[in-house]
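Protein chains in written order, with the working numbering: chain A, 1 to 114; chain B, 115 to 225.
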């Protein structure tokens with residue numbers, strides 16, 4: 001039973017480029033959460049999605065960031081026109097239902113903006 | 115909005131010493147979870163506490179949830195080098211709502 005998969009594991013972008021991060025939840029999980037972690041800091045909630053629906057995007061920056069979880073395929077976190085401050089680890093987590101106990105985290109994507 | 119604070123931010127111990135991290139929420143929580151993140155790794159779920167005053171044990175780890183459901187603690191007895199990592203608490207205001215993570219306590223264990 002494969003865990004949560006994220007790719008790429010490492011991504012380097014120059015300022016102004018776009019970053020596209022993918023997350024495939026565990027089999028049978030339809031709830032996906034995205035978090036951002038700066039070095040030496042905690043996890044900051046960004047967005048919570050169900051298949052084809054954004055449930056809670058209160059942690060998403062108003063501009064340049066978007067997320068989707070289509071009916072088929074992985075969840076995508078998209079960052080347009082990246083800036084140096086976007087450099088961080090982005091973790092995706094999944095759960096089988098909204099009230100489920102634990103969230104299963106993927107290995108993360110380390111984004112570096114040059 | 116809800117805030118979850120954790121102390122200390124860093125803790126260095128000698129192997130065999132005990133370790134405790136504390137978590138405080140600005141609001142009453144429905145439940146609280148604890149996660150461990152090894153250096154360079156991803157968070158891994160440890161436990162969830164739901165009831166007021168609840169105490170749960172996992173081998174050398176003891177987790178407590180305060181009576182008012184606003185604070186929690188994780189205590190490790192006789193630390194080992196395998197305990198190294200950052201321990202995060204994460205609280206939910208209501209069942210099914212998003213998790214709010216604390217800033218974590220980074221534990222280093224000197225052999």
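Even glycine gets a Cβ: it sits at the ideal position worked out from N, Cα and C.
Computed from a predicted model, the values in this text were never measured in an experiment.
Excluding five sequence positions before and after residue 213 (chain B), the CB atoms of its chain that fall closer than 8 Å to its own CB belong to 147, 204, 205, 206, given in chain order.
Taking a C-beta distance under 8 Å as the contact criterion, residue 37 (chain A) and residue 93 (chain A) do not qualify as a contact pair. Taking a beta-carbon distance threshold of 8 Å, residue 212 (chain B) counts as an interface residue toward chain A.
Less than 8 Å divides the Cβ of residue 220 (chain B) from the Cβ of residue 124 (chain B). The beta carbon of residue 106 (chain A) falls within 8 Å of a beta carbon belonging to chain B, placing the residue at that interface. Residues of the segment 157 to 183 of chain B with a C-beta less than 8 Å from any C-beta of chain A: 157, 158, 159, 162, listed in chain order. The criterion of a C-beta distance shorter than 8 Å is not satisfied by residue 141 (chain B) and residue 162 (chain B). Interface criterion met: the Cβ of residue 42 (chain A) is under 8 Å from a Cβ in chain B. Put simply, the CB of residue 205 (chain B) is far from chain A, with every gap to its CB atoms at 8 Å or more.
Between residue 57 (chain A) and chain B, the shortest Cβ-Cβ separation is not below 8 Å. In terms of beta-carbon proximity, residue 90 (chain A) stays away from the interface with chain B, with every pair separated by 8 Å or more.
In the DSSP assignment, residue 123 (chain B) is bridged to no other residue. Beta-bridge partners assigned by DSSP to residue 170 (chain B): B:177. The Cβ-Cβ distance between residue 29 (chain A) and residue 96 (chain A) falls below 8 Å.
Across the set B:201, B:179, B:224, the C-alpha of B:201 shows the shortest separation from the C-alpha of residue 151 (chain B). The DSSP-derived three-state label of residue 20 (chain A) is strand. Residue environment for residue 46 (chain A): buried (at least 16 other C-beta atoms within 10 angstroms of its C-beta).
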